[in-house]
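See below for the structure under consideration.
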Amino acid sequence: MNKKTQLIHGGMTTDPYTGAVTTPIYQTSTYLQDGIGDMRQGYEYSRSANPTRSALEGLIADLEQGTHGFAFGSGMAAISAVMMLLDKGDHLLINSDVYGGTYRALTKVFNRFGIEADFIDTTHIDTVEQYIKPETKMLYIETPSNPLLRVTDIKKSAEIAQKHNLISVVDNTFMTPYFQNPLALGIDLVLHSATKYLGGHSDVVAGLVATKDVDLAERIGFIQNSTGGVLGPQDSYLLIRGMKTLGLRMDQVQRNTLAIIDMLQQHQAVKQVFHPSMSEHLNHDIHQAQAEGHTGVVAFEVADIESAKQVISKLQYFTLAESLGAVESLVSVPALMTHASIPKDIRQKEGIADGLIRLSVGIEGTEDLVADLTQALDTLN
Ligand SMILES: *Cc1c(COP(=O)(O)O)cnc(C)c1O
85 MNKKTQLIHG
95 GMTTDPYTGA
105 VTTPIYQTST
115 YLQDGIGDMR
125 QGYEYSRSAN
135 PTRSALEGLI
145 ADLEQGTHGF
155 AFGSGMAAIS
165 AVMMLLDKGD
175 HLLINSDVYG
185 GTYRALTKVF
195 NRFGIEADFI
205 DTTHIDTVEQ
215 YIKPETKMLY
225 IETPSNPLLR
235 VTDIKKSAEI
245 AQKHNLISVV
255 DNTFMTPYFQ
265 NPLALGIDLV
275 LHSATKYLGG
285 HSDVVAGLVA
295 TKDVDLAERI
305 GFIQNSTGGV
315 LGPQDSYLLI
325 RGMKTLGLRM
335 DQVQRNTLAI
345 IDMLQQHQAV
355 KQVFHPSMSE
365 HLNHDIHQAQ
375 AEGHTGVVAF
385 EVADIESAKQ
395 VISKLQYFTL
405 AESLGAVESL
415 VSVPALMTHA
425 SIPKDIRQKE
435 GIADGLIRLS
445 VGIEGTEDLV
455 ADLTQALDTL
465 N
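Numbering-wise, the sequence shown is residues 85 to 465 according to my numbering.
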């Protein structure tokens, strides 16, 4: 099935109880039992299951080519549920430029429960095996990563994980299931901050997990119900609504992004551009092989922090804000915003220069975005 068709017809599309064409918001916490333990449609209590959330969970399972989906109150709640698969004393390997919230949860929360993480360079996948210890139980990657869009080989990650009996996890937030399907490449669990492209309208905070492994699905479902970080029916509805146009949005995001990169590469005020679509990108070939398109997150470097501030002050259509993946274009300076808590020397070692600017390209008209960035950069000359 074409992915655009699947976005409309995946999961549970028509309400089975009323025939409503859109999934209704089942704003209820509990359900009638005809006799003790005799539920009409299996629904008992909305932490365990809710029809609106079930429709969304079916949709993400289909889109990621899995069999089971799970919806959480945020991306971090989804990531935390995945980490809870681990036991005290277990160890995991994770890319060093992982999302800041994931880093914080692992180093300030899960460490207290005896779960140890090593943050490593996964872009050179052949070096990963040397970090595996007897306690290692999980290999977790984000590709492309933030803010320098580094790419990790998904298939090889899955192979290494299989060989060493590790649970393999991909944070697929930057790519969306429209452009990249890690489960089809052998990965065990795929997760999303649905706050970003899946919701797509900067109006929902949510997280999703999908798998086709029955045992892992059972364990994630048990953790979801036991620890309770579920997504409510109203937000589940909003996500389903947003996801219907994911394909249209990503097509326009990609078109805009490639046009912007084309301009940035030619502009004399730009020192460097970071995006996996570029042939000079370290793992460009791997990205081309494992993905069907490109994220709208792109980073580029200008001379210094003052230049970066000046460019941002001149932009009209790029809103200065954290987050990414929505219809409106956003801009941020990682060194002063998302990555400000990382000490400067470590930041620079990781390649996050002070003059680095990160864009999340939206779905506005291509010419307007290119013209806006061009005029802002021209003021540096
Ligand atoms: C935003 C983000 C998260 C966290 O998701 P929330 O919905 O903000 O909790 C995790 N991973 C990536 C790659 C993100 O961009």
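Glycine residues also receive a C-beta, built at the ideal position from the N, C-alpha and C atoms.
Computed from a prediction, not measured in an experiment: that's the story for all the values here.
- Taking C-alpha positions only, residue 95 is separated from residue 134 by approximately 14 Å.
- In the three-state DSSP reduction, residue 167 falls in the helix class (H, G or I).
- Put simply, of 262, 290 and 255 the residue whose alpha carbon is nearest the alpha carbon of residue 275 is 255.
- Beta-bridge pairing by DSSP links residue 179 to 204.
- Annotation for residue 149: no beta strand (DSSP E) segment contains it, and DSSP assigns it neither H nor E.
- Distances from the CB of residue 105 to the heavy atoms of ligand 1 are all 6 Å or more.
- Under the DSSP assignment, residue 263 falls in the alpha helix (DSSP H) whose first and last residues are 260-263.
- With a contact defined as Cβ atoms closer than 8 Å, residue 267 and residue 327 miss out at about 17 Å.
- Non-local beta-carbon contacts of residue 123 in its own chain, meaning distances under 7 Å to residues more than five positions away in sequence, involve 115 and 117 in chain order.
- Linking residue 239 to residue 271 through their CA atoms gives a straight-line distance of about 8 Å.
- In terms of side-chain proximity, the C-beta atom of residue 236 is found no nearer than 6 Å to any non-hydrogen atom of ligand 1.
- Nearest to residue 297 by alpha-carbon distance, out of 253, 312, 284 and 277, is 253.
- Pairing residue 362 with residue 458 gives a Cβ-Cβ distance that is not under 7 Å.
- Secondary-structure assignment with DSSP links residue 347 through no beta bridge to anything.
- Secondary structure within the region 299-371: the alpha helix (DSSP H) runs of 4 or more consecutive residues, fully enclosed, are 317-327 and 330-350 (chain order).
- Excluding the 5 residues flanking it on each side, residue 389 has same chain C-beta neighbours closer than 8 Å at 417, 419, 420, 438 and 439, in chain order.
- As the crow flies, the alpha-carbon of residue 154 is around 45 Å from that of residue 353.
- Per DSSP, reduced to three states, the secondary structure at residue 286 is coil, with no helix or strand assignment.
- Here the C-alpha atom of residue 343 lies approximately 7 Å from the C-alpha atom of residue 454.
- For ligand 1, a non-hydrogen atom lies closer than 6 Å to the CB of residue 255.
- By the neighbour-count criterion, in which 16 or more other beta carbons inside 10 Å mark a residue as buried, residue 168 falls on the buried side.
- In the three-state scheme derived from DSSP, where H, G and I count as helix and E and B as strand, residue 456 is classed as helix.
- Residue 259 counts as buried, since at least 16 other C-beta atoms from the protein chains shown sit within 10 angstroms of its C-beta.
- Inter-residue distance for residue 184 and residue 160 is about 10 Å (C-alpha atoms, whole angstroms).
- About 15 Å separates the beta carbon of residue 290 from that of residue 148, a gap too long to meet the 8 Å contact definition.
- Each residue's CA atom was taken as its position, placing residue 193 and residue 307 some 17 Å apart.
- Residue 444 is a Cβ neighbour of residue 380, given a cutoff of 7 Å.
- The count of Cβ pairs closer than 8 Å, one atom from the region 85-105 and one from the region 138-145, reaches three, so the stretches are in contact.
- For residue 210, the secondary structure class from DSSP, reduced to helix, strand or coil, is helix.
- Between the alpha carbons of residue 132 and residue 292 lies a gap of roughly 16 Å.
- Under the DSSP definition of a beta bridge, residue 407 lacks any partner.
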